[in-house]
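Chains as they are written, first to last, in our numbering: chain A, 1 to 126; chain B, 1 to 815.
What follows is a short report on a single structure.
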């Protein structure tokens with residue numbers, strides 16, 4: 001019982017971190033939407049239930065894009081985020097810009113991972 | 001594989017990517033823009049950014065070290081000129097690339113390529129791109145470039161500069177591109193020498209293309225000669241010329257003579273069209289500046305002090321970039337133009353130099369008669385002469401290219417015709433003769449000024465400056481001061497080029513250029529100072545026609561102050577340079593107050609009292625300054641509109657015309673409203689102006705905006721006018737008639753004071769910041785200090801300072 005509970009959790013965590021790491025690596029060389037390819041491939045290979053795959057992709061990118069933009073903005077004393085949040089969101093709110101950034105990454109990553117999980121046949125109950 | 005859910009989720013993913021990658025459903029491609037590793041976040045420069053770098057490029061000859069100080073001013077130490085200009089190009093691009101790209105796009109008529117045919121309510125295609133093409137900007141730049149490239153001095157300079165810019169561009173990635181490219185969705189392209197030439201022509205557009213020929217022609221056709229000369233007089237009594245009154249000028253060997261038909265065909269009413277083309281863009285009439293130098297006889301230290309503040313549009317990123325360049329040949333510090341090599345306004349170990357605009361009219365129009373609609377031939381000196389055609393291809397984002405065929409004549413390009421901006425569709429063709437069409441090598445002016453050691457070097461360097469004509473001020477450590485009204489100007493007969501001229505033969509053409517040796521100049525005058533503030537360069541004894549559109553007032557106050565000053569120190573000069581005293585108001589307000597004999601009652605009384613108690617300072621908190629500005633604006637309309645309104649497009653007579661008219665004659669003829677049977681007096685007009693000004697004043701008062709700084713609302717706007725990238729509502733004073741000539745979007749774009757003591761002491765500031773990146777703390781860090789009238793001490797680094805605490809980074813360039 002404990003084992004059966006632990007196994008998918010471990011897989012979820014591994015998938016989450018794989019997506020984070022590989023997305024970061026891919027975006028050094030490829031366009032931003034390479035995050036979708038990464039999330040898709042990871043969940044296509046790792047056997048995860050569709051909802052778990054979605055959550056892995058979603059939270060991986062939420063953490064990656066949210067974390068990166070927060071870290072960049074913090075180092076920048078939010079100078080850019082103040083200007084750009086007014087420009088794009090019509091609202092002087094650096095935190096909101098970080099949240100929007102994180103959510104865009106998250107929905108794309110989530111749906112790509114969702115799709116990836118359907119490449120494999122249904123996971124058989126042990 | 002589970003097909004149905006796979007297709008649904010895969011399709012959703014692709015849809016999301018498309019939405020965030022395009023402008024299809026959302027106004028901006030948010031995925032591209034917000035990806036932390038690609039988009040705008042990459043432009044969020046860390047507050048403690050590390051600018052240290054070791055860079056290697058083929059083509060460099062030796063190692064160049066760049067020390068970057070705590071204001072992000074680079075101090076370049078190069079072994080030779082070419083390396084220095086390569087590195088300058090690299091640094092300009094590193095900090096200002098998008099701005100450089102945008103400026104030359106504007107100059108060369110290529111804005112539509114990246115912005116589309118319209119931007120907001122602006123018809124970019126017709127008001128910007130076609131206009132600059134038809135004005136011959138690219139044609140002019142190509143001609144000057146061939147001169148720059150055939151000159152063994154400037155060819156290596158401009159080429160090294162271009163190579164430096166391209167070295168920076170080739171290292172750019174999508175992530176490291178300036179933010180504006182990301183927001184507007186285009187990419188930088190390689191720099192060319194032509195871009196630098198185009199930028200210099202843009203300065204000629206900004207400074208040497210102001211004219212009112214169509215407006216003057218319309219007025220001439222509408223009024224008698226007597227009235228016309230009163231509206232637009234040729235002489236300003238109040239002006240204190242650049243070169244002091246009483247200076248004796250030699251009579252030239254070849255004085256330009258007016259054609260025989262001038263009275264019958266040109267100066268009086270002409271039965272030609274009453275409706276002229278409209279020039280779509282005109283530079284700000286106040287594109288001017290102040291400069292002066294005081295000799296040791298007037299300073300506390302007994303060494304000269306030189307001051308300069310060029311007044312231009314206030315933009316972010318700033319037109320100026322501050323830097324020091326040190327090579328074995330020269331050591332110069334000052335303000336440079338991103339887009340051009342060298343330092344434009346600055347100082348070296350021997351001397352200092354600065355410029356103000358000459359403001360001479362060097363742009364005239366001729367009517368061209370074509371044989372037929374093909375425009376292949378035109379009438380010239382009794383024959384049909386072949387036209388040259390230049391096809392301008394204007395690329396438009398998202399649309400087919402626009403092809404504009406421009407006819408070139410001996411006078412110049414036909415700028416306005418039935419296809420472009422001729423409101424009458426009367427088939428008239430207007431060719432423009434613009435001095436900037438002539439090839440000239442202004443780059444050499446600054447190349448040589450930067451390394452000038454003495455007065456003779458300065459004279460030689462100045463000789464390269466043809467257009468835009470500038471008053472170049474000079475002061476040297478040996479005590480010399482000088483000022484030259486420099487430029488190559490057409491020698492005109494009286495009123496030549498003020499109106500549209502007949503272009504069927506050569507009789508109305510410019511007959512030649514004024515020899516530069518005959519340009520007004522001063523060298524170590526007895527009064528102990530030289531100065532210029534865009535006023536008329538010389539009095540009427542000057543043997544050539546100078547035109548009339550010069551603003552006299554800043555020149556008056558500067559000369560009055562400098563005459564009275566003794567034991568001058570740099571802080572005295574700062575006080576003068578930032579003075580908000582409005583000398584025009586000093587003359588005008590008492591006239592208005594005296595004219596009104598009836599007590600002002602009702603709501604207006606409060607504002608009238610503010611005006612009465614005002615001491616003519618346009619200081620930030622002065623409410624009287626606001627009342628004067630609004631009432632004077634209203635008075636201008638009351639006095640001039642009845643006469644001029646029947647003209648479709650007219651030039652409001654200058655403030656000196658009004659003031660001098662009132663001073664000379666209290667029954668100034670234009671006071672009377674021609675539409676009423678009564679005979680109005682100045683009192684009637686002032687009271688009416690006050691009444692008409694009330695809604696503006698009451699509204700400002702209600703919004704708590706009666707203080708001058710709030711009413712004037714000075715701002716430094718990003719070149720795209722995007723408010724979020726601009727600095728708005730700055731608390732500062734000044735006016736067009738103050739030495740601090742700060743208006744809403746226009747003003748002192750660089751203030752500099754150089755004390756030429758054995759150890760140079762210099763101060764400067766501009767309303768911007770060294771970085772063009774809105775995500776950098778160096779983007780606008782000078783703006784508030786500038787608005788407060790503060791200065792930075794300009795630090796001329798020496799090799800002994802390499803370990804100084806003010807250095808925050810070192811960049812090394814080598815092969």
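Ideal placement from N, C-alpha and C gives every residue a C-beta, glycine not left out.
Item to check | Terminal residues of the beta strand (DSSP E) in which residue 63 of chain A lies | outcome: Here residue 63 of chain A refers to the residue found at position 63 of the first chain. Residue 63 of chain A -> not in any beta strand (DSSP E); alpha helix (DSSP H) instead, spanning 50–75.
Item to check | Local conformation of residue 434 of chain B per DSSP, three classes | outcome: Reading the second chain from its first residue, position 434 is the one you call residue 434 of chain B. Three-state DSSP puts residue 434 of chain B in a strand.
Checklist entry - Quick one, which residues of the stretch 106–118 of chain A are near chain B if we go by CB-CB under 7 Å, in chain order? => result Under the 7 Å Cβ criterion, the stretch 106–118 of chain A contributes 107, 108, 111, 112, 114, 115 and 118.
Checklist entry - If you drop the 5 nearest sequence neighbours on each side, which residues of the same chain put their C-beta closer than 8 Å to that of residue 764 of chain B? => result Counting from 1 along the second chain, the entry for residue 764 of chain B is found at position 764. So the qualifying residues of the chain are 322, 334, 335, 750, 751, 752, 753, 791, 792 and 794.
Item to check | Backbone secondary structure at residue 356 of chain B - three-state DSSP | outcome: By 1-based counting over the second chain, the position of residue 356 of chain B is 356. Residue state, collapsed to three classes: strand.
Checklist entry - In this structure, does DSSP put residue 293 of chain B in helix, strand or coil? => result For this step, residue 293 of chain B is matched to residue 293 along the second chain. Residue 293 of chain B: strand per DSSP, three-state reduction.
Next on the checklist: Bridge partners for residue 492 of chain B per DSSP, in chain order?
Outcome noted: Start at 1 with the first residue of the second chain, and residue 492 of chain B comes out as number 492. Residue 492 of chain B is not bridged to any residue.
Checklist entry - Does DSSP classify residue 230 of chain B as helix, strand or coil? => result Residue numbering aside, residue 230 of chain B sits at position 230 when the second chain is read from its first letter. Looking at residue 230 of chain B - three-state DSSP - the assignment turns out to be helix.
Checklist entry - What are the residues that DSSP puts in a beta bridge with residue 315 of chain B? => result Sequence index remark: in the second chain, residue 315 of chain B carries index 315 (1-based). DSSP lists B:717 as partners of residue 315 of chain B.
Item to check | Identified DSSP bridge partners for residue 394 of chain B | outcome: On the second chain, residue 394 of chain B is found 394 positions in, with the first residue counted as 1. Partner(s): B:402.
Checklist entry - Going by C-alpha distance, which of B:567, B:121, B:293 and B:44 is nearest residue 74 of chain A? => result Here the question's residue 74 of chain A lines up with position 74 in the first chain. Taking only the C-alpha atoms, the option nearest residue 74 of chain A is B:44.
Item to check | Same chain, Cβ closer than 7 Å to residue 504 of chain B, five either side skipped, listed in chain order | outcome: To locate residue 504 of chain B, count along the second chain from 1; it is residue 504. The residues are 369, 379 and 380.
Checklist entry - So with Cβ pairs under 8 Å, would you call residue 25 of chain A a contact of chain B? => result Taking the first residue of the first chain as 1, we reach residue 25 of chain A at position 25. Not a single C-beta of chain B is nearer than 8 Å to the C-beta of residue 25 of chain A.
Checklist entry - Is residue 221 of chain B helix, strand or coil by DSSP? => result In the second chain, the residue the question calls residue 221 of chain B occupies position 221. The answer is helix: DSSP assigns residue 221 of chain B an H, G or I state.
Checklist entry - Could one say the Cβ of residue 180 of chain B lies closer than 8 Å to chain A's Cβ atoms, at least one of them? => result On the second chain, residue 180 of chain B is found 180 positions in, with the first residue counted as 1. No, residue 180 of chain B does not count as interfacial toward chain A.
Checklist entry - Could you check where the alpha helix (DSSP H) with residue 634 of chain B kicks off and where it finishes? => result Locating residue 634 of chain B in the second chain gives position 634, where the first residue counts as 1. From DSSP, the alpha helix (DSSP H) with residue 634 of chain B extends over 623–644.
Checklist entry - Per DSSP, which one or two residues make a beta bridge with residue 282 of chain B? => result Numbered from 1 along the second chain, position 282 holds the residue referred to as residue 282 of chain B. According to DSSP, residue 282 of chain B bridges with nothing at all.
Item to check | Residue burial classification, residue 38 of chain B (beta-carbon count within 10 angstroms, cutoff 16) | outcome: Indexing the second chain from 1 puts residue 38 of chain B at position 38. For residue 38 of chain B, the number of other beta carbons within 10 angstroms of its own is at least 16, and it is reported as buried.
Item to check | Residues bridged to residue 521 of chain B [DSSP beta-bridge criterion] | outcome: Here residue 521 of chain B refers to the residue found at position 521 when the second chain is read from its first residue. Residue 521 of chain B is bridged by DSSP to B:484.
Next on the checklist: Taking a contact to mean a Cβ-Cβ separation below 8 Å, would you say residue 109 of chain B touches residue 128 of chain B in this structure?
Outcome noted: Here the question's residue 109 of chain B lines up with position 109 in the second chain. Here the question's residue 128 of chain B lines up with position 128 in the second chain. Against a cut-off of 8 Å, the Cβ pair of residue 128 of chain B and residue 109 of chain B comes out as a contact.
Next on the checklist: Only counting the same chain, and skipping five residues up and downstream in sequence, which positions put a Cβ closer than 6 Å to that of residue 117 of chain A?
Outcome noted: By one-based count along the first chain, residue 117 of chain A stands at place 117. 43, 48, 50 and 53.
Checklist entry - Does any C-beta atom of chain B lie closer than 8 Å to the C-beta of residue 88 of chain A? => result Along the first chain, one-based indexing puts residue 88 of chain A at 88. At a cut-off of 8 Å between beta carbons, residue 88 of chain A contacts chain B.
Checklist entry - Could one say the Cβ of residue 43 of chain A lies closer than 8 Å to chain B's Cβ atoms, at least one of them? => result Mapped onto the first chain, residue 43 of chain A falls at position 43. For residue 43 of chain A, the nearest beta carbon of chain B is not closer than 8 Å to its own beta carbon.
Checklist entry - Measuring CB to CB, does residue 107 of chain B end up less than 8 Å from residue 79 of chain B? => result Translated into the one-based positions of the second chain, residue 107 of chain B becomes position 107. Translated into the one-based positions of the second chain, residue 79 of chain B becomes position 79. Pairing residue 107 of chain B with residue 79 of chain B gives a Cβ-Cβ distance that is not under 8 Å.
Item to check | Contact with chain A by residue 768 of chain B, beta-carbon distance below 8 Å | outcome: On the second chain, position 768 is the one that residue 768 of chain B refers to. Residue 768 of chain B does not count as touching chain A.
Next on the checklist: So if I threshold CB-CB distances at 8 Å, which residues from the stretch 9–34 of chain B count as touching chain A?
Outcome noted: Here the close residues are 9, 10, 12, 13, 16, 17, 20, 21, 28, 30, 31, 32, 33 and 34.
Next on the checklist: Rounded to whole angstroms, what is the Cα-Cα separation between residue 514 of chain B and residue 566 of chain B?
Outcome noted: What you label residue 514 of chain B is simply residue 514 of the second chain in a count that begins at 1. What you label residue 566 of chain B is simply residue 566 of the second chain in a count that begins at 1. Going by the C-alpha atoms only, they are around 37 Å apart.
Checklist entry - How would you call residue 785 of chain B, buried or exposed, if buried means at least 16 neighbouring beta carbons within 10 angstroms? => result Counted from its first residue, the second chain places residue 785 of chain B at position 785. An exposed status is given to residue 785 of chain B, since fewer than 16 other beta-carbon atoms sit within 10 Å of its beta-carbon.
Checklist entry - Opposite residue 384 of chain B in the DSSP bridges: which residues? => result Counting from 1 along the second chain, the entry for residue 384 of chain B is found at position 384. Answer is B:379.
Checklist entry - Are the C-beta atoms of residue 41 of chain B and some chain A residue less than 8 Å apart? => result Residue 41 of chain B sits at position 41 when you count from the first residue of the second chain. At least one chain A Cβ lies under 8 Å of residue 41 of chain B.
Checklist entry - Nearest to residue 176 of chain B by alpha carbon, out of B:33, B:312 and B:119? => result Within the second chain, residue 176 of chain B is the residue found at index 176, counting from 1. Looking at the Cα atoms, B:33 is the closest of the given residues.
Checklist entry - What does residue 95 of chain A reach in chain B if we use C-beta pairs closer than 9 Å? => result Residue 95 of chain A sits at position 95 when you count from the first residue of the first chain. None at all; the shortest Cβ gap to chain B is about 14 Å.
Item to check | Nearest-angstrom Cβ-Cβ length linking residue 673 of chain B and residue 633 of chain B, presumed shorter than 8 Å | outcome: Looking up residue 673 of chain B in the second chain gives position 673. Looking up residue 633 of chain B in the second chain gives position 633. At roughly 17 Å, the Cβ-Cβ gap does not stay under 8 Å, so residue 673 of chain B and residue 633 of chain B are not in contact.
Checklist entry - Got a sec? Which residues, its chain only, sit under 6 Å from residue 101 of chain A by beta carbon, not counting five neighbours each side? => result In the first chain, counting from the first residue as 1, residue 101 of chain A sits at position 101. Excluding sequence positions up to five before and after residue 101 of chain A, its CB lies within less than 6 Å of the CB of 65 and 69, all in the same chain and listed in chain order.
Item to check | Buried versus exposed call for residue 561 of chain B [16 or more other C-beta atoms within 10 Å across all chains shown] | outcome: If you number the second chain from 1, residue 561 of chain B lands on position 561. Flag for residue 561 of chain B reads buried.
Checklist entry - Around the Cβ of residue 76 of chain A, are there at least 16 other Cβ atoms within 10 angstroms (buried) or fewer (exposed)? => result The count along the first chain starts at 1 and reaches residue 76 of chain A at position 76. Residue 76 of chain A is buried by the Cβ-count criterion.
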